[in-house]
DNA sequence: ACGAGGTCCTGCGAGC
DNA sequence: TGCTCGCAGGACCTCG
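Dropping the structure here:
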């Protein structure tokens, strides 16, 4: 499920193929992913539009058009974005949501099996308010421990839920929240405002290192995620806790626990490494 | 301010 | 074999 490292990988793969290119004959196969725009208006805006640049914000792919508007695609669970250099076969077209001809035999395709993903088309003002609602980028140079502490320590929510709150911090989803809390040896259910400065420091380091390592590995493929070139990521073999409930902790050998007690999401942790360290 | 639960959406695996 | 059911879950919503 594309979180920050996965979307970063997609953007790095797509950027060389999309930057400076033009959308020809855009086709929208499913309209229920659209937010705040009709299919008719989206297609009119994309037809013949030149892509100025492609970037990432949190878990969103942002294509800035020469018109100044931004095509913002959030893949969520099962979305994938690719540039194909051959016509799509039947299987490749099956879940296509949006596609466009880029010329030179290349095609851009956003596909999404479950279609929990979203597409926005935002002008400058709408983009400003959109991005302002999202928290700071954890891999930015100026994202320090004090910033993390300030963002997370104003709530009594479980630290794991707070970490995944996109308004507080950008790009962390279920996989990397589990992994970061394990690395920081923190109980995922601890109220965020009760964490000490020292613990927040560990969490800051853990969040940044796990995200950076996952970017290097081109993301985590558990099931659906594919890179911008259609291949799997490699970070799944490096996961310490996510998806490993019942298996031994890599640190102490204790059987890992999975609960759904926090926000009804799968949380896997080692009660020994993470449970008792207050 | 917080938790609980519903909503979107489809594929997949378990159970009968 | 063929059906139903619950689950996967990010972001958003309402309700109490």
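Residue numbers (this note's numbering): 5 to 282. We put the CB at the ideal spot given by N, CA and C, even for glycine.
Task: Proximity winner among 99, 259, 155 and 22, relative to residue 204 (alpha-carbon distances) - done: 155
Task: Straight-line Cα distance separating residue 26 from residue 294 - done: Here the chain comprises residues numbered 5 to 282, so residue 294 is not present and cannot be evaluated.
Task: residue 131, buried or exposed, once every other Cβ within 10 Å from all chains shown has been counted against 16 - done: buried
Task: Option nearest residue 259 by Cα separation, candidates 175, 269 and 248 - done: 248
Open item on the list: Can you give me the C-alpha to C-alpha distance between residue 48 and residue 65, rounded to a whole angstrom?
Closed with: 20 Å
Open item on the list: Considering Cα atoms alone, identify which of 175, 50, 273 and 24 is closest to residue 219.
Closed with: 175
TODO: Would you give the residue range spanned by the alpha helix (DSSP H) that residue 286 belongs to?
DONE: Outside the shown range of the chain, which is 5 to 282, sits residue 286, and nothing can be said about it.
- [ ] Tell whether a beta-carbon distance below 8 Å holds between residue 14 and residue 85.
- [x] yes
- [ ] Tell me whether residue 265 is buried or exposed, calling it buried when 16 or more other Cβ atoms sit within 10 Å of its Cβ.
- [x] exposed
Open item on the list: Rounding to the nearest angstrom, what Cα-Cα distance links residue 236 and residue 223 in this structure?
Closed with: 8 Å
TODO: Look at the alpha carbon of residue 123 and the alpha carbon of residue 133, and state the distance between them as a whole number of angstroms.
DONE: 16 Å
Open item on the list: Quick check: the Cα distance between residue 207 and residue 22, rounded to an integer number of angstroms?
Closed with: 36 Å
Task: Complete runs of the beta strand (DSSP E) confined to the stretch 35 to 72 [at least 3 residues] - done: 55 to 61 and 64 to 69
Task: Straight-line gap, residue 183 to residue 116 (C-alpha atoms, nearest Å) - done: 26 Å
Open item on the list: What does the alpha-carbon distance come out to for the pair residue 100 and residue 37?
Closed with: 12 Å
- [ ] Please determine, among 239, 279 and 231, the residue with the shortest C-alpha to C-alpha distance to residue 19.
- [x] 231
Open item on the list: Among the candidates 179, 93, 194 and 192, whose CA atom is the shortest distance from the CA of residue 240?
Closed with: 179
- [ ] Kindly list the residues whose CB is nearer than 6 Å to the CB of residue 60, restricted to its own chain and excluding five residues on each side of it in sequence; keep chain order.
- [x] 11, 12 and 15
TODO: Could you check which residue in 88, 278, 169 and 168 has the C-alpha nearest to that of residue 190?
DONE: 278
TODO: Return the residue from the list 58, 62 and 77 that minimises the CA-CA distance to residue 46.
DONE: 77
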